[in-house]
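Notes follow once the structure below has been shown.
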Ligand SMILES: NC(=O)c1ccc[n+]([C@@H]2O[C@H](COP(=O)([O-])OP(=O)(O)OC[C@H]3O[C@@H](n4cnc5c(N)ncnc54)[C@H](OP(=O)(O)O)[C@@H]3O)[C@@H](O)[C@H]2O)c1
């Protein structure tokens, strides 16, 4: 048996600690002892939208140890430390054990703490794919990052700087200092300044959060520029999905990011962390039993970097 956090929308306390049968790995899967799993919008949005999870256990961005391998597993053996994004394999990370297809896993670098590794495969990979969409950011390009203070935004600042961009970070007042420490050239408070007044034009805008009209992002682009809509209000995301194609002129584009689980991208980021080129920002490390408070905090939308749950 194992301890797991099961989501049940009918209960007053929706996330409850339960004893479940340990899962068994299928063909091409491994059984993992989960060591750490961070909380993401993918978890709480999937709960709200009714996207199912294995036995009601959510948790996507995780790191752990292989304790058994299923048939036809070739890349991993018992004892390997790994990390991965379980979104496409129906979650399962908020538990002592879970199964995962080997294809979604990358090796965790030996010296990297499990808590750090559990921030990379979803939040980190999303930021990487956002800075690469439509072509990697080029040195000296001007980049505006809207929603720079959270899990994806803190990776996006560091990756944009790594690729040589000049970065303006947009976040709340409490995150201005953090953005500058992470390397942003400027930081603006979205509650105090109109960050999209069109006076400064950008090569790339990463709309990681926010609720602005698409035309405002569009008019702040240089000719040839790209606004990548990563997240934010449902109006912003669905607006980009339905109407983004209407915005096109001077080669300017509005693109919606649909991040794809990628063990190769996670391994690339892990190497950057190992080389000290980027550093995942972890605001809180919380025991699994405290998941309700941690969830309420993250889903309120103002986390400073990542909140990571650790298993008993
Ligand atoms: N497209 C994809 O494939 C994909 C993949 C993963 C995630 N996402 C989406 O990406 C978004 C961000 O994820 P995350 O993990 O970084 O979330 P997060 O960790 O909860 O971060 C939220 C951040 O957004 C900032 N924020 C809140 N309201 C804002 C506003 N009105 N304007 C500007 N910034 C605002 C907050 O900053 P302050 O505290 O400073 O206010 C906070 O730092 C979510 O909407 C998520 O659904 C999309």
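Numbering (the working numbering), first residue to last: 553 to 864.
Note that CB positions come from ideal geometry on N, CA and C, so glycine has one too.
Source: prediction; values computed, not measured.
Query, Result
"Own chain, CB closer than 8 Å to residue 685, minus 5 neighbours either side, in chain order", "778, 780, 807 and 809"
"Closest residue to residue 653 among 665, 791, 819 and 581 (Cα-Cα distance)", "581"
"Inside the region 591–626 only - beta strand (DSSP E) runs reaching at least 3 residues", "613–621"
"Given residue 681 as reference, the closest of 862, 827 and 814 once Cα atoms are compared", "814"
"Assigned exposure category for residue 592 - 16 Cβ within 10 Å defines buried", "buried"
"Any non-hydrogen atom of ligand 1 within 7 Å of residue 769 CB", "no"
"Given 8 Å, three or more beta-carbon pairs between the region 713–731 and the region 844–858", "yes"
"Run of the beta strand (DSSP E) containing residue 808, from where it starts to where it stops", "804–808"
"Residue 589 CB to nearest heavy atom of ligand 1 below 7 Å", "no"
"Residue 626: CB within 7 Å of a non-hydrogen atom of ligand 1", "no"
"Helix, strand or coil at residue 696 according to DSSP, with G and I counted as helix", "strand"
"Neighbour-count burial assignment, residue 756, 16 or more Cβ in a 10 Å radius", "buried"
"Exposed unless 16 or more other CB atoms sit within 10 angstroms - verdict on residue 710", "buried"
"Contact belief for residue 588 with residue 612 at Cβ below 8 Å, rounded distance in angstroms", "About 12 Å; that fails the 8 Å criterion."
"Residues sharing a beta bridge with residue 756, DSSP", "695 and 778"
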